[in-house]
Amino acid sequence: MKAGLIVVDVQAGLFESSPRFDADGVIRRINALAEAVRAGGGAVVFIQHEDDDSLAYGSPGWRLHPGLDARSEDAYVRKTASDSFYRSDLEETLRERRVTRLLFTGCATEFCVDTAIRSAVSRDYEVVVVADGHTTADRPHLPAEKIIEHPNWVWSNLILPGRPVVVAKTETILSRI
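Now the structure itself:
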């Protein structure tokens with residue numbers, strides 16, 4: 778079973794527009810996971826959202842966060858919807874690399890990360906959520922830390938026959954890779 782680290786929307790513009798909870802820590806943990814996945818023969822896949830504004834294709838805001846350790850051998854997938862699979866080449870990219878186990882990280886927890894996870898589950902991928910590997914910004918009704926906490930709980934309690942979503946911290950995942 779080949780692992781793929783999915784890094785959703787960790788793009789410069791999203792981190793410049795508003796502070797993200799534990800941004801430096803999340804990026805550091807993503808880099809550690811990327812190193813371990815590559816060393817184990819897995820794939821690292823960077824997902825980049827694009828729109829007509831601050832995340833226009835090729836713009837400074839669209840580029841990956843400069844703190845990420847992105848390499849030429851990694852895969853890069855462009856998307857225009859919250860769902861990383863919707864009208865993108867993500868599924869084809871995973872199939873080409875024979876990836877069946879997905880480790881999810883990224884930004885923003887309650888939007889694109891959540892949607893990508895649910896979409897992957899509906900496609901029968903084995904899903905592992907890196908509990909401390911995704912981030913978001915404070916919202917008018919809830920601080921980022923609570924937004925992150927809630928979906929971690931929800932994902933670990935989704936009703937899925939035979940293959941539950943695993944939610945674990947980076948340290949635990951690294952010890953098992």
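Take any residue in the sequence shown, note its place counting from 1, add 777, and you have its number in this note's numbering. Here a beta-carbon is modelled for each residue, glycine too, at the ideal position from N, C-alpha and C. For clarity, every value in this text was computed on a predicted model and none was experimentally measured.
(message) Once DSSP output is grouped into helix, strand and coil, what is the label at Gly844?
(response) Your numbering for residue 844 matches position 67 in the sequence shown. Correct three-state label for Gly844: coil.
(message) Less than 8 angstroms between the C-beta atoms of Arg781 and Gly819, yes or no?
(response) Sequence index remark: in the sequence shown, residue 781 carries index 4 (1-based). Sequence index remark: in the sequence shown, residue 819 carries index 42 (1-based). According to the sequence provided, residue 781 is Gly. The question's Arg does not apply to it. Yes, the pair counts as a contact, with Cβ atoms nearer than the cut-off.
(message) Rounded to whole angstroms, what is the Cα-Cα separation between Thr949 and Leu810?
(response) Sequence index remark: in the sequence shown, residue 949 carries index 172 (1-based). Sequence index remark: in the sequence shown, residue 810 carries index 33 (1-based). Their Cα atoms are separated by approximately 11 angstroms.
(message) If distances are taken between C-alpha atoms only, which option among Arg953, Leu845, Asp786 and Glu793 comes closest to Glu827?
(response) Within the sequence shown, residue 827 is the residue found at index 50, counting from 1. It is Asp786.
(message) Using only CA atoms, which one of Ala885, Arg840 and Ser849 lies nearest to Ser831?
(response) Reading the sequence shown from its first residue, position 54 is the one you call residue 831. It is Arg840 whose Cα lies nearest to the Cα of Ser831.
(request) Reducing DSSP to helix, strand and coil, say where Lys946 ends up. (result) Locating residue 946 in the sequence shown gives position 169, where the first residue counts as 1. Three-state DSSP puts Lys946 in coil, outside helix and strand.
(request) Express the C-alpha separation of Glu873 and Glu793 in angstroms, rounding to a whole number. (result) Counting from 1 along the sequence shown, the entry for residue 793 is found at position 16. Counting from 1 along the sequence shown, the entry for residue 873 is found at position 96. Answer to the nearest angstrom: the Cα atoms are 34 angstroms apart.
(request) Answer with buried or exposed for Tyr902, where buried requires no fewer than 16 other C-beta atoms within 10 angstroms of its C-beta. (result) Taking the sequence shown and counting its residues from 1, the one referred to as residue 902 is at position 125. It is buried - the Cβ of Tyr902 has at least 16 other Cβ atoms within 10 Å.
(request) Return yes when the Cβ of Ser861 is within less than 8 angstroms of the Cβ of Ser899, no when it is not. (result) The residue given as residue 899 occupies position 122 in the sequence shown. The residue given as residue 861 occupies position 84 in the sequence shown. No; because the gap between Cβ atoms is not below 8 angstroms, this pair is not in contact.
(message) Which residue wins for smallest C-alpha separation from Ser933, given the options Ile925, Ile924 and Val944?
(response) Here the question's residue 933 lines up with position 156 in the sequence shown. Of the candidates Ile925, Ile924 and Val944, the one whose C-alpha sits nearest the C-alpha of Ser933 is Val944.
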